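In this text, residue positions in the sequence shown follow my numbering: the first is 1176, and each later residue adds one. All residues carry an ideal CB built from backbone N, CA and C; glycine is no exception. These figures come from a predicted structure and were not determined experimentally. Written below as structure tokens is the structure these notes are about.
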Amino acid sequence: MGKTMRTTAAIAMAGFENLVMLAAAGTGGVLGYNAPALLTTAGVDGWPGSTTSAWAAFCAGLTAIALAFGVSEILDDFMSRLRALTRTSTSPTSKVDTGMTDEELPTGAEDLMDRLVEAARAGGAHEAAVYSGNVDPARHLLHNTKLWVGIDGTSALFPLTDGAYVHYSKNEDGNFPIHEYTFVVPETEDEPVPVTSMDQVHVLLKQHLNREVEGEPVSA
1176 MGKTMRTTAA IAMAGFENLV MLAAAGTGGV LGYNAPALLT TAGVDGWPGS
1226 TTSAWAAFCA GLTAIALAFG VSEILDDFMS RLRALTRTST SPTSKVDTGM
1276 TDEELPTGAE DLMDRLVEAA RAGGAHEAAV YSGNVDPARH LLHNTKLWVG
1326 IDGTSALFPL TDGAYVHYSK NEDGNFPIHE YTFVVPETED EPVPVTSMDQ
1376 VHVLLKQHLN REVEGEPVSA
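Laid out in structure tokens, this is it:
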């Protein structure tokens, strides 16, 4: 059954179910409203002789609820099976299938190794962007995965200007991984400077640009 047909059938079934419930409630209401007069006329012992509107209305409401509930219980199993046939949501299996790509893995060992290296670098760039809130809590710049250049699965570089970068690395020596960010200038012998805010990155980059010609080291 197509998706459009399932949707139409589901709407029709919902309308049918509501119609049945309304009909049952209406029938119960009519029977309940006339019950006091009928029982009084029949001479039922102990039944109140009063057929006021308040008493009739009470009986009507009570009977309507009872009849509607009874019909609902009777039809519940039948309606459940019909709902299953008209369900429009897709199964977990179909979701997995639609998420699969048509591209196949390389058959050559060398090409496969290259793909694995690319995947590791992409993972490093992704993690660098994900945990960049440690430095860029407003997620204004460093959160962009496409601007990170992955080195391997645990490190990446964010180019700021020619020769100056924010470096990300994941330290897994302890019980829990630590995500570290530093300001680095690879072409010089300057020590990487740990950074924890965009203000630090701004100051360090400004120092680098001002001292680049003089060859002075960048300080923290």
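Worksheet item: Between PRO1361 and the rest of its own chain, which residues show a CB-CB distance below 8 Å, the 5 nearest in sequence each way excluded?
Response: GLY1338 and TYR1340
Worksheet entry | Cβ pair GLY1299, THR1320 closer than 7 Å | no
Practice prompt. Just tell me which of MET1373, GLN1382, VAL1378 and HIS1383 has its CA closest to the CA of VAL1310.
Written response: MET1373
Worksheet item: Would you say LEU1332 and HIS1342 are within 7 Å of each other, going by their C-beta atoms?
Response: yes
Worksheet entry | Helix, strand or coil at HIS1315 [DSSP, three-state] | coil
Item to complete: Answer with buried or exposed for VAL1305, where buried requires no fewer than 16 other C-beta atoms within 10 angstroms of its C-beta.
Response: exposed
Worksheet item: Taking the DSSP output, what are the residues bridged to HIS1354?
Response: LYS1345
Worksheet item: Using a Cβ-Cβ cut-off of 8 Å (strictly less than) and excluding sequence neighbours within five positions of GLU1426, which residues of its own chain qualify?
Response: Absent from the structure is residue 1426, since the part of the chain shown begins at 1176 and ends at 1395.
Practice prompt. Grab me the residues of THR1371's own chain with a C-beta within less than 8 Å of its C-beta, minus the 5 sequence neighbours each way, in chain order.
Written response: ASN1309, VAL1310 and TYR1356
Item to complete: Identify whether VAL1292 lies in helix, strand or coil by the three-state DSSP scheme.
Response: helix
Discussion item. Tell me the rounded alpha-carbon separation between PRO1281 and PHE1358.
Written reply: 37 Å
Practice prompt. Determine the DSSP secondary structure at VAL1376, reduced to helix, strand or coil.
Written response: helix
Item to complete: Kindly identify the DSSP beta-bridge partner or partners of SER1330.
Response: ASP1327 and SER1344
Practice prompt. Kindly indicate which residue of GLU1387, ILE1326 and GLU1285 has the alpha-carbon position closest to the one of ALA1303.
Written response: ILE1326
Discussion item. Measuring straight from C-alpha to C-alpha, what distance separates ARG1386 and PRO1312?
Written reply: 28 Å
Worksheet item: THR1336 by DSSP, collapsed to three states: which one?
Response: strand
Worksheet item: Does the beta carbon of GLU1355 fall short of 6 Å from some heavy atom of the ligand MN?
Response: You won't find the ligand MN in this model; it holds no ligand whatsoever.
Worksheet item: Quick one: Cα of GLN1382 to Cα of PRO1352, how far?
Response: 31 Å
Discussion item. Is the separation between the beta-carbon of HIS1418 and that of SER1307 shorter than 7 Å?
Written reply: Limits of the chain in this structure are 1176 at one end and 1395 at the other, which puts residue 1418 out of reach.
Worksheet entry | Contacting residues, own chain, Cβ-Cβ under 7 Å from LYS1270 (five flanking each side not counted) | Only weak support exists for where LYS1270 lies, its pLDDT of 43 falling under 50; the value from the coordinates is given anyway. Closer than 7 Å at Cβ, skipping near neighbours: no residue.
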